[in-house]
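Report on one structure; see the data block that follows.
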Amino acid sequence: MESFEKLKQIVTEAEDDIAKAEGGNKAAGTRARKSLQDVRNLAQDIRKEILALRDQPG
């Protein structure tokens with residue numbers, strides 16, 4: 029499942045920005061929020077893929 033690999037990659041890339049945002053870096057906070065929005069959207073896509081697999085006959 030390619031989408032799941034991309035999801036893991038986004039989370040891994042966001043780790044540094046999240047740590048910097050906790051330290052008060054506002055630009056890193058913006059990047060972290062964008063990454064989290066991407067995670068949310070990608071997770072929704074993965075959910076749809078899983079439901080489609082479940083609903084396939086046979």
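Counting in the working numbering, the sequence shown runs from 29 upward without gaps. Glycine residues also receive a C-beta, built at the ideal position from the N, C-alpha and C atoms. All figures in this text were calculated on a predicted structure; none of them were measured in a lab.
- The three-state secondary structure of Gln84, taken from DSSP, is coil.
- Linking Ala55 to Asp44 through their CA atoms gives a straight-line distance of about 12 Å.
- Residues of the same chain with a CB within less than 7 Å of the CB of Ala60, apart from the 5 flanking positions on each side, are Ala42, Asp45, Ile46 and Ala49 in chain order.
- Secondary structure of Gly57 (DSSP, three-state): helix.
- For the 8 Å CB-CB criterion, Ser31 and Leu70 form a contact.
- The residue from Gly51, Leu81, Gly52 and Val67 with its alpha-carbon nearest to that of Gln37 is Val67.
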